[in-house]
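Colleague:
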Amino acid sequence: MPLNTWSHVAVTLSGTTGTLYLNGAPVATNPNMTLHPSNLGNTNQNWIGRSQFGADPFLNATVDDFNIYDRALSQTDVATLATGQAGAGDVADYKFDEAGGATALDSSGNGRTATIVSPGTAASANTPLWQPLPDGPVITIPTGSTNVPVTSTSGFTVGQKMAVGYGDKFEVATVTAVGRAGTQARLSAAASAGATNIKVTSTTNISVGDKIRLDIASPGHGIDNVTVTGVGTSGATGTGLTLAAPLRFDHSSNLPFSDRGTGISFTPATAFAHSSNEPVQALGGGITLDHPLAHGHAINAPVRDAVVTTAGYQGSPAPDQWFGGPALSGGSGNMVLRDAQGRVADSLNYGTLVDPWAAEGYQGGTGSGCTVAAPGSASGAGRSASRFPDGNDTDSNCSDFITSSNPTPGGANLFTLDPGPLVSLQATTPGSTSDYIKHDDTDDGVITAPVTSGSSDTDKQDATWVEAAGLANPSCVSFESINKPGSYLRHQNFQFHLQPNDGSSLFSQDATFCQMPGNSGQGVSFQSVNFTTRYIRTFENTVYLASNGGDNPWDTTTDWAADTSWLVNPPWAQPPSGN
Numbered sequence: 103m104p105l106n107t108w109s110h111v112a113v114t115l116s117g118t119t120g121t122l123y124l125n126g127a128p129v130a131t132n133p134n135m136t137l138h139p140s141n142l143g144n145t146n147q148n149w150i151g152r153s154q155f156g157a158d159p160f161l162n163a164t165v166d167d168f169n170i171y172d173r174a175l176s177q178t179d180v181a182t183l184a185t186g187q188a189g190a191g192d193v194a195d196y197k198f199d200e201a202g203g204a205t206a207l208d209s210s211g212n213g214r215t216a217t218i219v220s221p222g223t224a225a226s227a228n229t230p231l232w233q234p235l236p237d238g239p240v241i242t243i244p245t246g247s248t249n250v251p252v253t254s255t256s257g258f259t260v261g262q263k264m265a266v267g268y269g270d271k272f273e274v275a276t277v278t279a280v281g282r283a284g285t286q287a288r289l290s291a292a293a294s295a296g297a298t299n300i301k302v303t304s305t306t307n308i309s310v311g312d313k314i315r316l317d318i319a320s321p322g323h324g325i326d327n328v329t330v331t332g333v334g335t336s337g338a339t340g341t342g343l344t345l346a347a348p349l350r351f352d353h354s355s356n357l358p359f360s361d362r363g364t365g366i367s368f369t370p371a372t373a374f375a376h377s378s379n380e381p382v383q384a385l386g387g388g389i390t391l392d393h394p395l396a397h398g399h400a401i402n403a404p405v406r407d408a409v410v411t412t413a414g415y416q417g418s419p420a421p422d423q424w425f426g427g428p429a430l431s432g433g434s435g436n437m438v439l440r441d442a443q444g445r446v447a448d449s450l451n452y453g454t455l456v457d458p459w460a461a462e463g464y465q466g467g468t469g470s471g472c473t474v475a476a477p478g479s480a481s482g483a484g485r486s487a488s489r490f491p492d493g494n495d496t497d498s499n500c501s502d503f504i505t506s507s508n509p510t511p512g513g514a515n516l517f518t519l520d521p522g523p524l525v526s527l528q529a530t531t532p533g534s535t536s537d538y539i540k541h542d543d544t545d546d547g548v549i550t551a552p553v554t555s556g557s558s559d560t561d562k563q564d565a566t567w568v569e570a571a572g573l574a575n576p577s578c579v580s581f582e583s584i585n586k587p588g589s590y591l592r593h594q595n596f597q598f599h600l601q602p603n604d605g606s607s608l609f610s611q612d613a614t615f616c617q618m619p620g621n622s623g624q625g626v627s628f629q630s631v632n633f634t635t636r637y638i639r640t641f642e643n644t645v646y647l648a649s650n651g652g653d654n655p656w657d658t659t660t661d662w663a664a665d666t667s668w669l670v671n672p673p674w675a676q677p678p679s680g681n
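If you read the sequence shown in the working numbering, its first letter stands for residue 103, the second for the next number, and so on.
So, in C-alpha cells, the structure goes:
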C-alpha cells in the first residue's frame, strides 16, 4: 500500500472464495478457504491493528470506519465504500468519531463497544520550516495556509497531530497528507540561456511538476524559476532535469538550486504567518488517559511517572524543579538562561558550536572552540556537565564546565581525580628542554611551552598531570589534568586535545599510551594503543601523534626520535583546593 495516504482495504468470504480488495479493486483471491469465522466459536483475542500474538508489533497505521458484515459484499458494494461512503456493518461498525478517550462505540446496534489500548507514539524532534538558502534569508507561509514546506518529513503521519511555530504563534493541526521534504543541490555542468535540460548533482526528492529556483542573483545576472517536466539521472554525464521552458540566463557549474518539495498538509488552516526555521513537529499518537485533565498545562511541562525508576535522575537529593522540554539532543545543542525580564543571564554550547551567539570564550584555535562537553553515558551511569569549580564563571566555556558520573545537585561541583602519581612531562628536543606538555587555556588544544619556577600558578597547574592507569589498558597510562578533573590528553585527527572523558571506547583508546624506552635513548616515549606506530610528539610547539615518516608535516623524520622522547618529572603543582 502507498505510504502516508488513506487506502481502503476489504476482505470478503463467499463460499470458499476469499477476495482481498485495495481501494475498491480486487488484488488477490483464494478459492480454498474452508474455515469460516463461525467455526472459531467464542473468541477473546479480537483486535483491530494487533496480532493475536502478543509479541507481534502493533499496526503502524491509522484506522477509520471499520466494519464487519454478516454477508459477503459484492465488488460493486466494495467499490462504493472505497469512494468514501461510510460503512454500515451489521455485526460491528466502528466509525472512530470520538474526540478522545479510550472507548470506540459500535454503531451496528449490537453493543460491541471496543476499548482503545494503543500505546501511542512519542512526538518527534522538531524539523525547521524549510529555508532554501539560495532564496535569501527566509520564506514565509501566510495566514490561512494548509501546507508547510519542511526540512524533513520523518515522523509525520496522516491523522495525527502536528505543531508549527513557537511562543504566542504556536499552533496545533491534524496532518492530512505527508509529501516530500525540501531539497538543495547544485549544477554539475554549466547551463546556458535557452537550455531546457540541466545537469545536477542530485535528483533526490525532485518530481515532475516541481518548481525549482536556480542560482543566486548577482550584478548582470539573474535567477531562473522553472518547472520540471522530466527527472533523469544525476551527474555531469547524467540525463539531468528537463524543464518546461528555456532558461533565461547563463548559469555556471556548481551553482545552487532549491526545490521546496510538497511538504506537510494539515487542517485547520494557520491562524498566523510562519517563516523559515520556525519549528515544525510531529506530535505522535500521544498517551490516552482514563479521565479528562482537571487543569490546563503549558507546552513542555514535565510529565512524570512515579512508577518508573530506571530512567531520568534517580539520585539524592530529589530535584525540586523538573525540566520538561524542549527535548535536548544527546550529541550537541545550546542553552540560554534568561532573567525575569527576558535578558540573557548565561548561555552555553555543548558538544559542538551550534549557536555562536550563545558561545562564551575563544572560538578559534583548534577549530573546536569553547564548548561544554556533551555528558554522554559511561558504563550505564548517567553523566552530568556542571560548572567548575563550584559555580565560578570566567566567561569561557573552555574553563567553566566539567563532566562527572557523580553529580551533586545543590552541592559544590567538586570532583575527585583518578589515583596515580602527579607528573610533569618535559621535552628532550635540543633547544626546547625548558618546554613541558600543557593544555591551552584559550581552547582545548595541547601545546609545549616553557614552564619555570617563576611561571604563574595557572601555567604550573596546566603542565601537571595525574599519570593514571590507562583507560583502555590498565597496564598503560592516561594523563588527567589536575585543574580540569575528568579531562584527559587524547588524540583526535592525530592532534592532541584536553577533553572530558565521554565514556566511549574510542575516547578510552585515544587517551591511552604505553610507556616505552625513549626513542632517542633518553627518557621514555609514549606509544598509542590504537595507532601502535605513532607516539606523542612535540612539533612546532604543538603536541601530535606522529609516526617516523609519513604524509603529515608532524610525521617528518627530522628530530623525530628526540621529539618523541620525554622526561617524566616531579609535578610543577598540586591540585587546586577541593580536588
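In this text, a Cβ means the ideal position worked out from N, Cα and C, and glycines have one as well.
Looking at the secondary structure, which residues open and close the beta strand (DSSP E) in which Leu683 lies?
Modeller: Lying outside 103 to 681, the shown extent of the chain, residue 683 is not represented and no answer is given.
Colleague: If we ignore side chains and look at the alpha-carbon of each, how far apart do Ala480 and Asn632 end up?
Modeller: Locating residue 480 in the sequence shown gives position 378, where the first residue counts as 1. Locating residue 632 in the sequence shown gives position 530, where the first residue counts as 1. Reliability fails at Ala480, whose pLDDT of 47 lies under 50, so the model's placement of it is uncertain and no value is given.
Colleague: Short of 8 angstroms in beta carbon distance, which residues of its chain neighbour Met135, apart from the five on each side in sequence? Order them along the chain.
Modeller: Stepping through the sequence shown from its first residue, residue 135 is reached at position 33. Contacts found: Leu115, Thr118, Thr119, Gly120.
Colleague: In chain order, what are the residue ranges of uninterrupted beta strand (DSSP E) at least 3 long that sit wholly in the region 376-433?
Modeller: You should have 381-386.
Colleague: Check whether the region 347-361 touches the region 246-260, counting contact only when three or more Cβ pairs, one atom from each stretch, lie closer than 8 angstroms.
Modeller: In short, these stretches do not touch, since the Cβ pair count stays below three.
Colleague: Does the Cβ-Cβ distance between Thr372 and Ser247 come in under 7 angstroms?
Modeller: Stepping through the sequence shown from its first residue, residue 372 is reached at position 270. Stepping through the sequence shown from its first residue, residue 247 is reached at position 145. Yes, the pair counts as a contact, with Cβ atoms nearer than the cut-off.
Colleague: Along the chain, where does the alpha helix (DSSP H) that runs through Gln177 open and close?
Modeller: Translated into positions along the sequence shown, residue 177 becomes position 75. Taken as a continuous stretch (DSSP letters only), the alpha helix (DSSP H) holding Gln177 covers 177-184.
Colleague: Can you tell me whether Gln262 is helix, strand or coil according to DSSP?
Modeller: Within the sequence shown, residue 262 is the residue found at index 160, counting from 1. It is coil, neither helix nor strand.
Colleague: Measure from the alpha carbon of Pro532 to the alpha carbon of each residue in Asp457, Asp661, Asp167, Gln611, then state which is nearest.
Modeller: Residue 532 sits at position 430 when you count from the first residue of the sequence shown. Per the Cα distances, Asp661.
Colleague: Tell me the rounded alpha-carbon separation between Ser668 and Gly337.
Modeller: The residue given as residue 668 occupies position 566 in the sequence shown. The residue given as residue 337 occupies position 235 in the sequence shown. Here the sequence assigns Trp to residue 668, which means Ser is not the residue at that position. Each residue's Cα considered, the two are about 53 angstroms apart.
Colleague: Could you check how far apart the C-beta atoms of Asn307 and Arg288 are, in whole angstroms? I think they sit under 8 angstroms.
Modeller: Within the sequence shown, residue 307 is the residue found at index 205, counting from 1. Within the sequence shown, residue 288 is the residue found at index 186, counting from 1. In fact, because the Cβ distance is near 15 angstroms, the residues do not count as touching under 8 angstroms.
Colleague: What's the C-alpha gap between Gly284 and Ala570?
Modeller: Position 182 of the sequence shown, counting from 1, holds the residue named residue 284. Position 468 of the sequence shown, counting from 1, holds the residue named residue 570. If I take the Cα positions, the gap works out to 51 angstroms.
Colleague: Looking at the unbroken beta strand (DSSP E) that takes in Lys271, where does it start and where does it end?
Modeller: For the purposes of this step, residue 271 is identified with residue 169 of the sequence shown, where counting begins at 1. Element bounds for Lys271: n/a, residue is neither H nor E.
Colleague: Thinking Thr164 and Gly261 are a contact (beta carbons under 8 angstroms), I'd like their distance in whole angstroms, please.
Modeller: Here the question's residue 164 lines up with position 62 in the sequence shown. Here the question's residue 261 lines up with position 159 in the sequence shown. Sure, about 4 angstroms apart at Cβ, within 8 angstroms.
Colleague: Am I right that Ala355 and Ala292 are in contact with their C-beta atoms under 8 angstroms? What's the rounded C-beta distance?
Modeller: Your numbering for residue 355 matches position 253 in the sequence shown. Your numbering for residue 292 matches position 190 in the sequence shown. This sequence places Ser at residue 355; Ala is not what is there. Their Cβ separation, rounded to whole angstroms, is 5 angstroms, which keeps Ser355 and Ala292 in contact under 8 angstroms.
Colleague: Excluding the 5 residues preceding and the 5 following Thr335 in the sequence, name in chain order all residues of the same chain whose CB lies nearer than 6 angstroms to its CB.
Modeller: Counted from its first residue, the sequence shown places residue 335 at position 233. Once the five neighbours on either side are set aside, the close Cβ partners of Thr335 are Thr341.
Colleague: If you draw a straight line from the C-alpha of Val180 to the C-alpha of Asp166, how long is it?
Modeller: Within the sequence shown, the letter at position 78 stands for residue 180. Within the sequence shown, the letter at position 64 stands for residue 166. Answer to the nearest angstrom: the Cα atoms are 15 angstroms apart.
Colleague: Using DSSP with H/G/I as helix, E/B as strand and the rest coil, what is Phe598?
Modeller: By one-based count along the sequence shown, residue 598 stands at place 496. Three-state result, Phe598: strand.
Colleague: Does Glu380 pass the burial test, meaning 16 or more other C-beta atoms within 10 Å, or should it be called exposed?
Modeller: Position 278 of the sequence shown, counted from the first residue, corresponds to residue 380. It is buried - the Cβ of Glu380 has at least 16 other Cβ atoms within 10 Å.
Colleague: Measure from the alpha carbon of Arg173 to the alpha carbon of each residue in Val113, Tyr452, Phe628, Ala413, then state which is nearest.
Modeller: For the purposes of this step, residue 173 is taken as residue 71 along the sequence shown, with counting starting at 1. Nearest of Val113, Tyr452, Phe628, Ala413 to Arg173, Cα basis: Val113.
Colleague: In the DSSP assignment, find the unbroken alpha helix (DSSP H) run with Trp662 in it and report its ends.
Modeller: To locate residue 662, count along the sequence shown from 1; it is residue 560. Its alpha helix (DSSP H) spans residues 662-665.
Colleague: Is there contact between the region 534-554 and the region 635-655, where contact requires at least three CB pairs shorter than 8 angstroms?
Modeller: Yes: at least three Cβ pairs fall under 8 angstroms.
Colleague: Is Asn632 helix, strand or coil when you go by DSSP?
Modeller: In the sequence shown, residue 632 corresponds to position 530, counting from 1. DSSP places Asn632 in coil when its eight states are reduced to three.
Colleague: State the beta-bridge partners of Asn132 as determined by DSSP.
Modeller: Along the sequence shown, read from residue 1 onward, the residue named residue 132 stands at position 30. Bridge partners of Asn132: Gly120.
Colleague: Identify every residue that forms a DSSP beta bridge with Phe567.
Modeller: On the sequence shown, residue 567 is found 465 positions in, with the first residue counted as 1. According to the sequence provided, residue 567 is Trp. The question's Phe does not apply to it. Per DSSP, Val525, Ser583.
Colleague: Leaving aside the five residues before and after Val328 along the sequence, list all residues of the same chain whose C-beta is less than 8 angstroms from its C-beta, in chain order.
Modeller: Sequence index remark: in the sequence shown, residue 328 carries index 226 (1-based). Here the set comprises Lys313, Ile314, Leu316, Leu345, Ala346, Ala347, Leu349.
Colleague: Grouping DSSP H, G and I as helix and E and B as strand, with all else coil, what is Asp546?
Modeller: Here residue 546 is taken as the residue at index 444 of the sequence shown, counted from 1. Asp546: coil per DSSP, three-state reduction.
Colleague: Rounded to the nearest angstrom, what separates Pro458 and Val474 at their Cα positions?
Modeller: As a working mapping, residue 458 is identified with position 356 in the sequence shown. As a working mapping, residue 474 is identified with position 372 in the sequence shown. Taking the straight line joining both Cα atoms gives about 13 angstroms.
Colleague: Using the three-state DSSP reduction, which class does Phe160 fall into: helix, strand or coil?
Modeller: Within the sequence shown, numbered from 1, the residue matching residue 160 stands at position 58. Reduced to three states, the DSSP call for Phe160 is coil.
Colleague: Hey, could you find the ends of the alpha helix (DSSP H) Leu608 is sitting in?
Modeller: In the sequence shown, counting from the first residue as 1, residue 608 sits at position 506. Taken as a continuous stretch (DSSP letters only), the alpha helix (DSSP H) holding Leu608 covers 607-612.
Colleague: For Ala476, count the other beta carbons within 10 Å of its own beta carbon; 16 or more makes it buried, fewer makes it exposed. Which is it?
Modeller: Residue 476 sits at position 374 when you count from the first residue of the sequence shown. It is buried - the Cβ of Ala476 has at least 16 other Cβ atoms within 10 Å.
Colleague: For Asn650, does the three-state DSSP call read helix, strand or coil?
Modeller: For the purposes of this step, residue 650 is taken as the residue at position 548 of the sequence shown. Looking at Asn650 - three-state DSSP - the assignment turns out to be coil, as it is neither helix nor strand.
Colleague: Given a threshold of 16 other Cβ atoms within 10 Å of its Cβ, counted over all protein chains shown, does Phe155 qualify as buried or as exposed?
Modeller: Working through the sequence shown from its first residue, we reach residue 155 at position 53. By the 10 Å Cβ count, Phe155 comes out exposed.
Colleague: Would you grab the beta carbon distance between Leu231 and Val382 for me? Rounded to a whole angstrom, and I think it's under 8 angstroms.
Modeller: On the sequence shown, position 129 is the one that residue 231 refers to. On the sequence shown, position 280 is the one that residue 382 refers to. Sure, about 5 angstroms apart at Cβ, within 8 angstroms.
Colleague: For the putative contact between Leu122 and Met103, defined by C-beta atoms under 8 angstroms, what is the C-beta separation to the nearest angstrom?
Modeller: Stepping through the sequence shown from its first residue, residue 122 is reached at position 20. Stepping through the sequence shown from its first residue, residue 103 is reached at position 1. 11 angstroms between Cβ atoms; not a contact.
Colleague: Is it right to say Asp546 is buried, meaning 16 or more other beta carbons lie within 10 angstroms of its own, or is it exposed?
Modeller: As a working note, residue 546 is residue 444 in the sequence shown. That one is buried.
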